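Reviewing the structure listed below.
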Amino acid sequence: MSVFVHKESRVIIQGFTGQHATFHAEEAMQNGTTVVGGVTPGKGGQTHLDLPVFDTVDQAVAETGADVSGIFVPPPFAADAIMEALEAGIGVIVVIADGIPVQDMVRVKRYAAGRNAVIIGPNTPGIITPGGCKVGIMPSHIYTPGRIGVVSRSGTLNYEAVQQMSALGMGQSTSVGIGGDPVNGTDFVTVLQAFEDDPETDAVIMIGEIGGQQEVDAARWAKENMSKPVVGFVAGVSAPPGRRMGHAGAIISGESDTATAKMDRMEDLGVHVVRNPALIGETANRVFS
Amino acid sequence: MNIHEYQAKELLKNYGVPVPDGRVAHNVDNAVAVAEGLGGDRWIVKAQIHAGGRGKGGGVKLASSLDDVRSLTDQMIGSQLVTPQTGKDGRLVQRVLIEQACDIQQEYYLGMVIDRATQRITVIASASGGMEIEEVARTSPEKVIREAVDPAVGLMGFQCRKIAAKIGLKGKQIGEAAKLMQALYRAFREKDALLAEINPLAIVNGGSLLAVDAKMNFDGNALYRRPQITELRDFDEEDPKEVEATGHGLNYIALDGNVGCIVNGAGLAMATMDAISFHGGKPANFLDVGGGASPEKVGNAFRIVLQDPNVKIILVNIFAGINRCDWIAEGLVQAMRELEINVPIVVRLAGTNVELGGPILAESGFPFIMADNLDDAATRVMETLEAQS
């Protein structure tokens, strides 16, 4: 099964003909993803990578039966593109853009309320079910099919954890990047719920960072609702307060926002916390075996 | 992006928020002229720096004569103002805001933020004005009123009246406060703010409301559509290394350790700092080279990190997804050729084109210390530092 995206997913790419979109659509297809077409307004009727290009998401869904969209449009146009995908009935929307104005995402979240869709991101490397479906910009070759779910705010730290896992022979059911923005589509709890419900996932690695309380909320949720073990890490122990550490959402604005405070709380709530980011794989291997 | 108090007040005034009569001054004569122009016999002289806690540092003073205005301005302009938020070196004061003094009868707190929990613009208010809201939230959380705004309809009048009543406003002040909140909300929305704070919001003689202090912070990602806000940026308030880094598309934050860090991705950059700390070291900086790091970008990263005299060693940690290890390696070699680099460099490469990156470094003849993984990298940094001392 895996979560959110799988072998049967039919993917379209919004902003299809752009450079990054083209590169990653091609890479995804080489690694087993079923891309069925794309959308670039004004280029409808053309073909790109031997696939049809449409002017609107609505047309793309009608013609191809797409149920997943990877959004590769630049930040100023991303909110509009997400809402277009929502309106067209796309079930899983992956938003790569880093730099969407926060208030745009506030409106997107309101627009998404009551619709049965999952928005992954923004500011995410995307989502991958190894060997089945990749929607995003991560290097497919570092992932291997397996039974551990991975969810993280950061992209490169996700790669780091996955490589540590792969070195020890642990594969992934699905790896989800929920993104580094303060207002994002999907939180940790939603992803943990999906992993808990997925018969092909045995355990979860959750990688957070400074800022906000969602790691702690997720740990609390897991304690009350989850049967599968969770290994957790929060980046930014050495980050100074009040400074935005690259990601728009990675800022310590209070005592409870710090990495140490969050890891302490998570540990109290039963998460297997790793304090050294170099030992995420090793800890997971010990806890899960 | 932060702006000065006088800029925030000017902006909010245009939206209809009542603020004290006042103007900014860049020198003593200017300040006296402003005070004379405002009239009255008492003025407030306020140092304009981006950090908060100015009152505690002596940056907000009452002047009872024009001579006072002169001497206070003279003390402030050109001085390094130290407040609880500036660090021990303080910040250089380059201008002061001169305002007519007013008699404050009661103080409240009014703020707006984008709340992570509700993922909406949220109004925060409290009857405990003048205090930091974090402090109030810690000591008496029941005194902090929160009201989330539905983005589909905006901040409604009834919500404003509810907040006003909850903080204890009465009579005509309720309507006045509602008008003020609507004005603040419009400014927040139309200028893509992340934070707006009026602290204190005061009741002054005659019973009317006045925004005695104002602070605003704006979304850097929305500046492309807010040219008026972009113009308010004061580069003097920022670390020149950080400004230079931004210009090169790099994300740099200076810290106080001695291990320079060059990493791709914000999360991995933080984790790299954490791994160094875990091994007993101290990172000198946070630096994210971002995606698509060209050799030029890598060279610029080195230049910026090396401007910090405390740096004794540099750790380059790249996990290439959208990046390419061969480009990073070429950038490293180029930087070694062009810059005078006298500190050891530990390199860990992984991900896309790693098989091309390693040989480029090995064949360059430069003494890069290669590491296999994150743990190995942090260990080698510490070993090398110890061998040096």
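Just so you know, the protein sequences line up as chains A and B, in that order.
All residue numbers for the first sequence refer to our numbering, where the first residue is 10 and numbers rise by one.
All residue numbers for the second sequence refer to our numbering, where the first residue is 35 and numbers rise by one.
Backbone N, C-alpha and C fix where the C-beta goes; we use that ideal spot for every residue, glycine too.
Owing to the predicted nature of the structure, the values given are computational and were not obtained by experimental measurement.
Compare the C-beta of residue i against all C-beta atoms of chain B and say whether one is closer than 8 angstroms.
i: P83 (chain A); result: no
i: M147 (chain A); result: yes
i: R274 (chain A); result: no
i: M254 (chain A); result: yes
i: K118 (chain A); result: yes
i: V198 (chain A); result: no
i: A88 (chain A); result: no
i: A287 (chain A); result: yes
i: V185 (chain A); result: no
i: I151 (chain A); result: yes
i: Q23 (chain A); result: no
i: V70 (chain A); result: no
i: Q172 (chain A); result: yes
i: V3 (chain A); result: A question about residue 3 (chain A) goes unanswered here, because the residues of chain A that appear run from 10 up to 298.
Considering only C-alpha positions, which residue in the set the options is nearest to residue i?
i: Y142 (chain B); options: B:Q82, B:Q207, B:V377 and B:V380; result: B:Q207
i: G392 (chain B); options: B:L419, B:P378, B:I356 and B:V350; result: B:V350
i: G188 (chain B); options: B:E176, B:A211, B:L340 and B:V157; result: B:V157
i: G258 (chain A); options: B:L126, B:T386, B:W361 and B:R150; result: B:R150
i: I2 (chain A); options: A:T138, A:F13, A:N294 and A:R116; result: This structure leaves residue 2 (chain A) out entirely; chain A is present only between 10 and 298.
i: E70 (chain B); options: B:P118, B:I310 and B:L100; result: B:L100
i: Q216 (chain B); options: B:R195, B:N233, B:G202 and B:L203; result: B:R195
i: G98 (chain A); options: A:P84, A:D277, A:R124 and A:V82; result: A:R124
i: S184 (chain A); options: A:V243, A:Q39, A:V144 and A:D59; result: A:V144
i: K331 (chain B); options: B:H313, B:G209, B:V367 and B:A318; result: B:V367
i: N344 (chain A); options: A:E93, A:Q181 and A:D76; result: As shown, chain A starts at 10 and ends at 298. That puts residue 344 (chain A) outside it, with no answer to give.
i: C136 (chain B); options: B:Q41, B:E374 and B:P234; result: B:P234
i: Q114 (chain B); options: B:K346, B:S98 and B:G92; result: B:G92
i: T49 (chain A); options: A:G221, A:Q68, A:T43 and A:E36; result: A:Q68
i: E231 (chain B); options: B:V51, B:K90, B:T418 and B:T413; result: B:V51
i: L390 (chain B); options: B:R267, B:C359, B:R88 and B:A369; result: B:C359
i: P208 (chain A); options: A:R156, A:F25, A:E36 and A:V111; result: A:R156
i: Y286 (chain B); options: A:E264, A:M272, A:P249 and A:S262; result: A:P249
i: I136 (chain A); options: A:S161, A:A126 and A:D113; result: A:S161
Can you pull the chain B neighbours of residue i, defined as C-beta to C-beta under 9 angstroms?
i: P131 (chain A); result: Neighbours of P131 (chain A) on chain B: none; closest Cβ ~10 angstroms, over 9 angstroms.
i: I136 (chain A); result: Neighbours of I136 (chain A) on chain B: none; closest Cβ ~14 angstroms, over 9 angstroms.
Note down, in chain order, every chain B residue with its Cβ under 7 angstroms from the Cβ of residue i.
i: R284 (chain A); result: F312
i: V246 (chain A); result: D308 and S311
i: P249 (chain A); result: L289
Does any residue of chain A bring its CB to less than 8 angstroms from the CB of residue i?
i: R223 (chain B); result: yes
i: I155 (chain B); result: yes
i: P261 (chain B); result: no
i: I287 (chain B); result: yes
i: T386 (chain B); result: yes
i: V333 (chain B); result: According to the sequence displayed, residue 333 (chain B) carries Gly and not Val. Not an interface residue.
i: A318 (chain B); result: no
i: F353 (chain B); result: yes
i: D101 (chain B); result: no
i: A186 (chain B); result: yes
i: D409 (chain B); result: yes
When the distance is taken between beta carbons, is residue j closer than 8 angstroms to residue i?
i: T269 (chain A); j: H281 (chain A); result: no
i: T73 (chain A); j: R19 (chain A); result: yes
i: I151 (chain A); j: Q172 (chain A); result: yes
i: F204 (chain A); j: K237 (chain A); result: yes
i: A236 (chain B); j: V53 (chain B); result: no
i: I129 (chain A); j: I187 (chain A); result: yes
i: K225 (chain B); j: F269 (chain B); result: no
i: A279 (chain B); j: I338 (chain B); result: yes
i: Q119 (chain B); j: A85 (chain B); result: yes
i: I21 (chain A); j: G47 (chain A); result: yes
i: I132 (chain B); j: V79 (chain B); result: yes
i: K190 (chain A); j: I219 (chain A); result: In the sequence under discussion, the amino acid at residue 190 (chain A) is Asp, which differs from the Lys named in the question. No, these two residues do not count as a Cβ contact at 8 angstroms.
Which residues of chain A have a Cβ atom closer than 9 angstroms to the Cβ of residue i, listed in chain order?
i: D253 (chain B); result: P110, V111, Q112 and A257
i: R150 (chain B); result: P191, V192, G220, G221, Q222, Q223 and G258
i: I356 (chain B); result: H29, F32, H33, P134, I146, M147, P148 and G164
i: E168 (chain B); result: S262, G263 and E264
With hydrogens ignored, establish whether the beta-carbon of residue i is closer than 7 angstroms to any heavy atom of the ligand GDP.
i: C142 (chain A); result: Among the ligands in the structure shown, none appear at all, so the ligand GDP cannot be discussed.
Given that residue i touches chain A, what residues does it touch there, using C-beta distances under 7 angstroms?
i: A305 (chain B); result: L166, E169, A244 and P286
i: A300 (chain B); result: S163, G189, M254, G255, H256 and A259
i: D322 (chain B); result: G255
i: Y258 (chain B); result: P85
Just list the beta strand (DSSP E) runs in the segment 91-161 of chain A, keeping only unbroken ones of 3 residues or longer that don't cross its boundaries, in chain order. 101-104, 127-129, 135-138, 142-145 and 154-161
Report the residue ranges of all beta strand (DSSP E) runs contained in full by the segment 220-295 of chain B; include only those spanning at least 3 residues, in chain order. 227-238, 243-245, 249-252 and 285-288
Segments of 4+ residues assigned as alpha helix (DSSP H) that fall wholly inside the segment 156-237 of chain A: 165-176, 197-206 and 223-234
Fully enclosed by the segment 313-383 of chain B, which alpha helix (DSSP H) runs are 4 residues long or longer? 329-340 and 359-372
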